[in-house]
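Student: I'd like to ask some things about the structure below.
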Amino acid sequence: MNKEVKTLDLVVLGGGPAGLTAAIYASRAKLNILLLENALLGGQVRNSFTIENYPGFRTIEGTELADRMQEQAEAVGAVIDEFDTVINVNLEENNNRVETEQFIYKPKAIIISTGAMPKKLPLQNEAEFAGRGIHYCAVCDGVMYEGKVIGVVGGGNAALEEAVFLSKFAEKVYIIRRHDYFNGERSTLEEVNSNSKIEILYNQDLVSVKGKEFVEEVVIKNTISGEEKAIRINALFGYIGTEPKTKTFKKYIDLTSKGYIITDERMRTNIPGVFAAGDVRDKEYRQITTAVADGTIAALEVEKYIKRINN
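According to the numbering used here, the sequence shown is numbered sequentially starting from 222.
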């Protein structure tokens, strides 16, 4: 089947906060743009039950914030195509090409904002219990465990926040933490400590998970004494970090050893006309606000780049 070829100014790959912000700015600059997202718009924001650190909102649900960003992008003219999967790309100055299941796009510039995905728990039988007790999205799957016992693995803000959310459903929530400290915000840790349903298991490493068809227990190991013990649980939610979605681009783009895209402060990659923004980029902090800032800068740089090559 011969696919229709479309030429345009900009293709934004990924519809999280960085991609949606880039779409807003690029549309306001009257660029001919398309945002491609192969899943739900909003990225990891949509998986956050409550957001309390985004300026302008004392508290807002992740789904609502994602919807508002999408509505604003579409209101200023951004064209968004959800669920048309990118199957191939060619990233080359003056010869960019993005092929999806339906079309071939030839944009003058590309912004990569594909984000990152949760790291899998380091368990030999992780795949066996994925979706059957092992999960990575509390908002998506937490309600399945009403009145049950849930384990959360991780040491950052995500683990703390999701433990609080899961306590709304669960009878008991264990946080399995391999160290004696957390990397999350103090206010969130205080909220966890004041929650009678949550128990923190400090200095404990996750060893294994057991069960017949579904998770029934986990084995943990004390990182100081080496003592192992089993805990009866019904589900295990992992928040041990993220991995960037850059496999499609590694042939062309300079990446770090962990797979994140290397850019300068103007979001430029090693290929002129190709930019990166958001969690997919190599940087110190990954927050909604920093993703929005990245998307803003990338779009403004695209506008300047296109003006330059058109002259």
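Where is the CB? At the ideal position from N, CA and C, for every residue including glycine. The structure presented is a predicted model; accordingly, all values stated were derived computationally and were not measured.
Which complete alpha helix (DSSP H) runs does the region 279-363 hold, if anything under 4 residues is left out?
Tutor: Here the runs fully enclosed are 283-296, 347-350 and 359-362.
Student: Return helix, strand or coil for K525, following the three-state DSSP convention.
Tutor: Helix.
Student: Tell me which residue opens and which closes the beta strand (DSSP E) that A451 is part of.
Tutor: Its beta strand (DSSP E) spans residues E449 to R453.
Student: Check whether the Cβ atoms of V523 and I332 sit closer than 8 Å, and answer yes or no.
Tutor: In contact: V523 and I332 (Cβ atoms closer than 8 Å).
Student: Can you name, in chain order, every residue of its own chain whose Cβ lies under 8 Å from the Cβ of R453, other than the five neighbours on each side?
Tutor: Hits under 8 Å: V370, E437 and E438.
Student: What does the Cβ neighbour count give for N455, buried or exposed, with the cut at 16 atoms within 10 Å?
Tutor: Burial call: buried.
Student: On a CA-only basis, which of G298, E225 and V413 is nearest K251? Give me that one, please.
Tutor: Closest by alpha carbon: G298.
Student: Give every residue of the same chain whose Cβ lies closer than 8 Å to the Cβ of D305, excluding the five residues on either side of it in the sequence, and list them in chain order.
Tutor: If we look at D305 and ignore the five residues flanking it on each side, its Cβ neighbours are L257, N259, T321, E322, Q323 and F324.
Student: Taking the alpha helix (DSSP H) that T409 belongs to, which residues open and close that run?
Tutor: Element bounds for T409: R407 to N414.
Student: Relative to the C-alpha of E382, which residue among G237, E505, G368 and V266 is closest?
Tutor: E382 has its Cα closest to that of V266, out of G237, E505, G368 and V266.
Student: Which value, in whole angstroms, describes the spacing of the CA atoms of N378 and N404?
Tutor: Roughly 7 Å separates the two Cα atoms.
Student: Within the continuous beta strand (DSSP E) that includes V385, where are the two ends?
Tutor: Per DSSP, V385 belongs to no beta strand (DSSP E); it is in the alpha helix (DSSP H), N378 to L387.
Student: Near F435, which residues of its chain fall below 8 Å by C-beta distance, leaving aside the five closest residues on each side in sequence?
Tutor: Taken in chain order, the residues that qualify are F350, R353, G354 and N455.
Student: Quick one: what does DSSP say T490 is sitting in, helix, strand or coil?
Tutor: Coil at T490, not helix or strand.
Student: Look at K329 and I492 and say whether their C-beta atoms are less than 8 Å apart.
Tutor: No; because the gap between Cβ atoms is not below 8 Å, this pair is not in contact.
Student: Using the C-alpha atoms, what's the distance from G494 back to K389?
Tutor: So the alpha carbons of these two residues sit roughly 47 Å apart.
Student: Three-state secondary structure (DSSP) at A537?
Tutor: For residue 537 there is no data in the structure shown, the boundaries of the chain being 222 and 532.
Student: Rounding to the nearest angstrom, what Cα-Cα distance links L410 and A384 in this structure?
Tutor: Rounded to whole angstroms, L410 to A384 spans 10 Å at the Cα level.
Student: Do G499 and S334 have their C-beta atoms within less than 8 Å of each other?
Tutor: Yes.
Student: Measuring only the C-alpha atoms, how far is Y326 from V300?
Tutor: One C-alpha to the other measures close to 13 Å.
Student: Is A243 helix, strand or coil by DSSP?
Tutor: It is helical.
Student: Hey, L262 and A287: beta-carbon distance below 8 Å or not?
Tutor: Yes, Cβ-Cβ distance for L262 and A287 is below 8 Å.
Student: Quick one: residues in its chain with C-beta nearer than 6 Å to the C-beta of D302, no 5 flanking neighbours on either side, listed in chain order?
Tutor: Excluding residues within five positions, the ones whose Cβ falls inside 6 Å are L257.
Student: By how many angstroms is the C-alpha of D426 removed from the C-alpha of S269?
Tutor: Cα to Cα, the separation comes out at about 25 Å.
Student: May I ask you to report which of helix, strand or coil DSSP gives D515?
Tutor: Residue state, collapsed to three classes: helix.
Student: For E505, which beta-bridge partners are listed by DSSP?
Tutor: Bridge partners of E505: none, in fact.
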